[in-house]
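Residue numbers (this note's numbering), protein chains in the order written: chain A, 57 to 467; chain B, -17 to 262.
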């Protein structure tokens, strides 16, 4: 056993696990297969030869596009699905926060549901009796705990579910996007509790599309691509790798920009913008870290010769609010373009916007403003995301890079 | 049961993420409780409903059939003759209800609990066990009322009644095992659920529960001795109505079919569990 060579034995050891699903066109095909002993299915390989292990106190982040095999992996880990080949050894209890509210019976009251849900999560009777009050307190349900669950709001149900899950005290937690429970304050309480669990030596397997959370919580990441481990290593690089495959596949849907994907455009088209891109120099994709240098390329071509062209950009947040804009006129460029010519204007700046989803709009017009002669105006031409922060973290919408010094008071 | 220490801290004992037997037993009991509470929570009469349904059933059949069937019953005492058919009917219907509900519900359990199976690691062998346990509770309550009725009409109880738990366990094993097989298959062929319910309807009328064996033609009577439901229903009749030992060959045959079905059920699950979990 390799575990003897390591300082601490793993909590979960996954060795060469593969899992495929049979896809049938109709249920009857399955019956035909049994009777006629011929294959009537197509095979979908969800996971191929996955190996990793996780030790006490470690947090492993799992990244991947939709359909990359994340959920299948989690289901194998919790034992809900069985692998085709390979081994999953668990030395201790694994509980999944993806099982939030499993087995909740909406006709029973909170107390009764704590019992059933707790038992399903692998708590013993003694543990449930001991922790009941703590769970009720954590869920903040107060006297409602004696009411049937059908009278609860969905937020209350999730709070109860999370409170039970987090008290199940397994050796390894599997968390699947479950942190978006309740209001902001309750979420913080949950994150606190998870950090505490980690400090006490608990292992965590964490799946999220929240790159910020991945960078904050994880020690290591695995990026799954088409069922295989495409990358394994530090979270920051893992996130970058993930973004690269995301942008390679042009999976724009990830960025929660409105469905009007190529924005609304107008202008007299004397000069036309052909292509706009925004990338981070570090990540090489449209997902950047706060503090990273961003590069905007605007490629445009002229139908007619224009003597006083101005190229402008505008960054907007998800509410459509203008955050920052500039143009070549303000930056002191005199642009002349002749008919048929094609040019590229590159803007470079440090991305100091706080983590979030943003859009970039582009304008081509004459002189300082676009009211006189607007050639081409392209709203929300591309979307981009800021995730995680390099350097000191901050609060608010942008990093103003404040300094703090102790000075002699003048009063 | 001895009070074992909390097992969650022993890191090396648990090699797999599988709950212990004790743990599963607790889950089983919780399911039984949930099942019983859920069935009647929010209703005014509560558990009494489990009695009202068979009672209505029995009343209807008694009113319609007692005059026709009453004559045909060779009862044990002249003073009980007027209740003869009722006793015949009740002993048969209570057993049949336990048998058919257990089979029907077990055949639906995997699809019904799909949400749970998809989320929580759970032994598929243990999961459907709560159904026969909960049905047994219902059966025992019904029998308590039946016993009160019998006491009131001056029925003489005998030691032969000790056969009843044996008969019950045997036919419930058969019901559960057949239900289990259908349950596993129904995940792949959903029509099986409907087939089971239709099949049970037919089976009910193909068994002398409402009517007596004497009214069917001779040829049919020999055919009837191949009906597994007839075996255990007749055993109840022998013990309760005629105060006789149940037919041993019937009990052995019931046990045999039940055991066989149980083996098939577990083999089938072993073969299909992985697919079942994928497919559900």
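Just so you know, even glycine gets a beta-carbon here, dropped at the ideal spot from N, CA and C.
Just so you know, these numbers come straight off a predicted model, no measurement behind them.
Within 8 Å, strictly: CB atoms of residue i and residue j
i             : j             : result
residue 228/A : residue 259/A : yes
residue 165/A : residue 201/A : yes
residue 412/A : residue 442/A : yes
residue 33/B  : residue 119/B : no
residue 36/B  : residue 98/B  : no
residue 82/B  : residue 222/B : no
residue 422/A : residue 364/A : yes
residue 114/B : residue 185/B : no
residue 394/A : residue 361/A : yes
residue 212/B : residue 165/B : no
residue 275/A : residue 114/A : yes
residue 100/B : residue 109/B : no
Cβ separation of residue i and residue j, assumed to be a contact under 8 Å, to the nearest whole Å
i             : j             : result
residue 278/A : residue 108/A : 6 Å
residue 151/A : residue 65/A  : 19 Å between Cβ atoms; not a contact.
residue 116/B : residue 14/B  : 5 Å
residue 435/A : residue 320/A : 5 Å
residue 263/A : residue 118/A : 5 Å
residue 459/A : residue 406/A : In fact, because the Cβ distance is near 16 Å, the residues do not count as touching under 8 Å.
residue 205/A : residue 160/A : 6 Å
residue 141/A : residue 95/A  : With 8 Å as the limit, residue 141/A and residue 95/A do not qualify as a contact, their Cβ atoms being about 19 Å apart.
residue 152/B : residue 240/B : 6 Å
residue 215/B : residue 236/B : With a Cβ gap of about 10 Å, residue 215/B and residue 236/B do not count as contacting.
Residue i at chain A interface by Cβ criterion, 8 Å
i             : result
residue 101/B : yes
residue 253/B : no
residue 170/B : yes
residue 87/B  : no
residue 256/B : yes
residue 60/B  : Low confidence applies to residue 60/B: its pLDDT is 43, below 50, so where it sits in the model is not reliable, and the reading given next is rough at best. Taking Cβ atoms only, chain A never reaches closer than 8 Å to residue 60/B, which makes this a no.
residue 16/B  : yes
residue 216/B : no
residue 98/B  : yes
residue 12/B  : yes
residue 9/B   : yes
residue 5/B   : yes
residue 19/B  : yes
Residue-level contact to chain B via CB, residue i, 8 Å cutoff
i             : result
residue 136/A : yes
residue 172/A : yes
residue 180/A : yes
residue 123/A : no
residue 86/A  : yes
residue 158/A : yes
residue 365/A : no
residue 161/A : yes
residue 77/A  : yes
residue 187/A : no
residue 176/A : yes
residue 164/A : yes
Residue i, enclosing alpha helix (DSSP H) - first and last residue
i             : result
residue 121/A : Neither: residue 121/A is in no alpha helix (DSSP H) and is coded neither H nor E.
residue 158/B : 145 to 168
residue 391/A : No alpha helix (DSSP H) holds residue 391/A; the beta strand (DSSP E) holding it covers 391 to 393.
residue 190/A : 181 to 195
residue 246/B : 230 to 261
residue 248/A : 240 to 255
residue 403/A : Careful: residue 403/A lies outside any alpha helix (DSSP H), inside the beta strand (DSSP E) at 398 to 406.
residue 226/B : It is not in any alpha helix (DSSP H) - residue 226/B carries neither H nor E in the DSSP assignment.
residue 281/A : Here residue 281/A belongs to no alpha helix (DSSP H); instead the beta strand (DSSP E) covers 276 to 281.
residue 259/A : Where residue 259/A is concerned, there is no enclosing alpha helix (DSSP H), although the beta strand (DSSP E) it sits in stretches over 259 to 263.
residue 421/A : From DSSP, residue 421/A is part of no alpha helix (DSSP H) but of the beta strand (DSSP E) over 412 to 422.
residue 172/A : 166 to 176
residue 15/B  : 3 to 22
Proximity test, Cβ basis, 8 Å: residue i and chain E
i             : result
residue 247/B : Considering every chain present, this structure includes no chain E. Its protein chains are A and B.
Boundaries (first-last residue) of the beta strand (DSSP E) holding residue i
i             : result
residue 128/B : It is not in any beta strand (DSSP E) - residue 128/B instead sits in the alpha helix (DSSP H) that spans 112 to 134.
residue 181/B : Where residue 181/B is concerned, there is no enclosing beta strand (DSSP E), although the alpha helix (DSSP H) it sits in stretches over 173 to 187.
residue 434/A : 430 to 445
residue 80/A  : 68 to 80
residue 369/A : 362 to 373
Just checking, does the region 272 to 292 of chain A make contact with the region 115 to 127 of chain A on the three C-beta pairs under 8 Å criterion? yes
Using 8 Å as the cut-off, can you tell me whether the region 329 to 340 of chain A makes contact with the region 353 to 367 of chain A, which would need three or more C-beta pairs spanning the two stretches below that distance? Yes: at least three Cβ pairs fall under 8 Å.
Measuring CB atoms only, is the region 158 to 178 of chain A touching the region 3 to 21 of chain B, in the sense that at least three cross pairs come out at less than 8 Å? yes
Pairing CB atoms from the region 92 to 104 of chain A with CB atoms from the region 292 to 301 of chain A, are three or more of them under 8 Å? no
Is the region 66 to 79 of chain B touching the region 161 to 175 of chain B, taking contact as three or more C-beta pairs under 8 Å? no
Would you say the region 92 to 111 of chain B touches the region 133 to 142 of chain B, given that touching needs at least three Cβ pairs under 8 Å? In this structure the region 92 to 111 of chain B does not touch the region 133 to 142 of chain B; the number of beta carbon pairs closer than 8 Å is below three.
Can at least three beta-carbon pairs, one atom from the region 404 to 411 of chain A and one from the region 439 to 455 of chain A, be found at a separation below 8 Å? yes
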